[in-house]
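S.K.:
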Amino acid sequence: VQYALTFDQYCRKYGSNHDRMAPLVVNLRRNGLMVPWGYYTTHQPEPFTVEDYLAARWVNKPMSLFDCDRPVHTVGALIFATAERARDMKQRPVYVLNHSQTNFRPKSSCETLEEHEEWTDTMARLIYEGSGLTPRDIDVYNPYDGFTLFTQYYLEAMQWHGVKRGEAHDFYAGDISVKGPHPLLSSGGNNGSGRTRTAIFFDCMEQLQGRAGPRQVNIRAETAAAGCNTPGGIGWMVFGKSPD
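Okay, structure coming up:
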C-alpha cells in the first residue's frame, strides 16, 4: 500500500500519471525476452504491449499487476577474487569499483515521497563518492525494478543520462531500448525476467565483457551500476572494465 501512495505523491508533485510507466514496462519485458534463462523466455515468450500494460487489473491503485515482478524459483552465483587472480581466469574479469548498503528508518509506518527522494539522493552520493565516478561516467545502468514504481527514484537520484527529479516519465517515452542511446535496464530487470534479484548484476558484467548477446548495448560499456531492493534499504555495486 505504502509504495502505491508514494507513487501517487510523485505523480501529483510532478504532474504525471500511471499510464506513462508503460514504455518502461514494455521495454523491461522486451529485454527480458532476450535473457535465455529468464522466466518469460522459457514460460511465456509472447510479446508484451502497451495495451497489455494499460489493461492490467489494479493491485492497489495506482499500482497495477504488471508493476510487480513475478516470484520465481531461481539462484545465482558470483565468483569474487583478487584482481591478480582474476587476470588468469577464462572470462575477462570485471572489477568492483564500489559497493554501498543503506538502511533508512521512515518517520512513520508509511514512507513518503520526500523520504524516498532523500534516501536515494544519499544512495547516489555514496555510490559516486566511493567509486570516484560522476553521472556522466556510468554507462550501463540497472536500477531495481521489482516494483517498477521505484525505478524513477533511482534514475533521478543518479541523474543517469541527465535525468533530474520529475523527468523520468519523459525519459521513458524516448528510446530506452538496448540498441538506442539510452538503454535503461538492459537486463530486463526483475520485472522482465522474473524476480531473480540477480539479473541486474549479471547483465552489468555481461555488458562490460561483451557477452550480452542480443541485449548488448550500442553505447560505450566501460562501467556499470546495479542496485537491489527498496529505497529504504538497498545494496549497490559499481563495476568497471578496469580496476582504476
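Our numbering numbers the first residue of the sequence shown as 391 and each following residue consecutively. For each residue, glycine too, the CB sits at the ideal point set by N, CA and C.
Identify the residues that DSSP records as bridge partners of I624: which are they?
M.R.: For the purposes of this step, residue 624 is taken as residue 234 along the sequence shown, with counting starting at 1. Partner(s): T492.
S.K.: Given this structure, state the Cα-to-Cα distance separating M648 from F561, to the nearest angstrom.
M.R.: Any answer about residue 648 is impossible in this case: the structure gives the chain only from 391 up to 634.
S.K.: So N450 packs on I566, CB below 8 Å; how close in whole Å?
M.R.: Within the sequence shown, the letter at position 60 stands for residue 450. Within the sequence shown, the letter at position 176 stands for residue 566. Under the criterion of beta carbons closer than 8 Å, N450 and I566 do not qualify as touching, at roughly 26 Å.
S.K.: In this structure, how does DSSP classify V440 when only helix, strand and coil are distinguished?
M.R.: In the sequence shown, the residue the question calls residue 440 occupies position 50. In the three-state scheme derived from DSSP, where H, G and I count as helix and E and B as strand, V440 is classed as helix.
S.K.: Since L487 and V628 should fall inside the 8 Å C-beta cutoff, what is the C-beta to C-beta distance between them, to a whole number of angstroms?
M.R.: Counted from its first residue, the sequence shown places residue 487 at position 97. Counted from its first residue, the sequence shown places residue 628 at position 238. Their Cβ separation, rounded to whole angstroms, is 4 Å, which keeps L487 and V628 in contact under 8 Å.
S.K.: Report all residues from its chain with a CB closer than 7 Å to the CB of N580; omit the five preceding and five following residues, and keep chain order.
M.R.: For the purposes of this step, residue 580 is taken as the residue at position 190 of the sequence shown. Same-chain partners within the cutoff: D459, D535, G536, T586, R587 and A589.
S.K.: Considering only the beta carbon of each residue, do Y543 and P621 sit closer than 9 Å?
M.R.: To locate residue 543, count along the sequence shown from 1; it is residue 153. To locate residue 621, count along the sequence shown from 1; it is residue 231. For Y543 and P621, yes; Cβs fall inside 9 Å.
S.K.: Starting from A611, trace the alpha helix (DSSP H) both ways and give me its first and last residue.
M.R.: Your numbering for residue 611 matches position 221 in the sequence shown. Annotation for A611: no alpha helix (DSSP H) segment contains it, and DSSP assigns it neither H nor E.
S.K.: Smallest Cα separation from A615: which of R601, P525 and V553?
M.R.: If you number the sequence shown from 1, residue 615 lands on position 225. Per the Cα distances, P525.
S.K.: My output table needs one value for V465: the three-state DSSP class, helix, strand or coil.
M.R.: For the purposes of this step, residue 465 is identified with residue 75 of the sequence shown, where counting begins at 1. Coil.
S.K.: Taking the C-alpha atoms as reference points, what is the distance between I624 and A467?
M.R.: Counting from one through the sequence shown, the residue named residue 624 turns up at place 234. Counting from one through the sequence shown, the residue named residue 467 turns up at place 77. In a straight line, the C-alpha of I624 is about 19 Å away from that of A467.
S.K.: Got a sec? Which residues, its chain only, sit under 6 Å from G582 by beta carbon, not counting five neighbours each side?
M.R.: In the sequence shown, the residue the question calls residue 582 occupies position 192. Result list for G582: L418, R419, N421 and G422, in chain order.
S.K.: Please check the pair L503 and Q399, which I expect to be a contact at CB under 8 Å, by giving their CB distance rounded to whole angstroms.
M.R.: Here residue 503 refers to the residue found at position 113 when the sequence shown is read from its first residue. Here residue 399 refers to the residue found at position 9 when the sequence shown is read from its first residue. Rounded to the nearest angstrom, the Cβ distance from L503 to Q399 is 4 Å, consistent with a contact under 8 Å.
S.K.: Classify P413: buried if its beta carbon has 16 or more other beta carbons within 10 angstroms, exposed otherwise.
M.R.: The residue given as residue 413 occupies position 23 in the sequence shown. Buried is the call here.
S.K.: DSSP on G579, reduced to helix/strand/coil?
M.R.: Along the sequence shown, read from residue 1 onward, the residue named residue 579 stands at position 189. G579 falls in the helix class under three-state DSSP.
S.K.: So who's on the other strand from A615, going by DSSP bridges?
M.R.: Reading the sequence shown from its first residue, position 225 is the one you call residue 615. BP columns for A615 point to Y531 and V628.
S.K.: Judging by CA-CA distance, which residue of L574, E507 and E612 is the nearest neighbour of T396?
M.R.: By 1-based counting over the sequence shown, the position of residue 396 is 6. Proximity to T396 across L574, E507 and E612 peaks at E507, based on C-alpha coordinates.
S.K.: Using a Cβ-Cβ cutoff of less than 7 Å, which residues in the same chain neighbour Q637 once the five nearest sequence positions on both sides are dropped?
M.R.: As displayed, the chain neither begins before 391 nor continues past 634, which places residue 637 out of reach and without an answer.
S.K.: I'd like the span of the beta strand (DSSP E) that includes V449, first residue to last.
M.R.: For the purposes of this step, residue 449 is identified with residue 59 of the sequence shown, where counting begins at 1. Counting along the chain, the beta strand (DSSP E) containing V449 begins and ends at W448 to N450.
S.K.: Answer with buried or exposed for C618, where buried requires no fewer than 16 other C-beta atoms within 10 angstroms of its C-beta.
M.R.: In the sequence shown, counting from the first residue as 1, residue 618 sits at position 228. C618 should be labelled buried.
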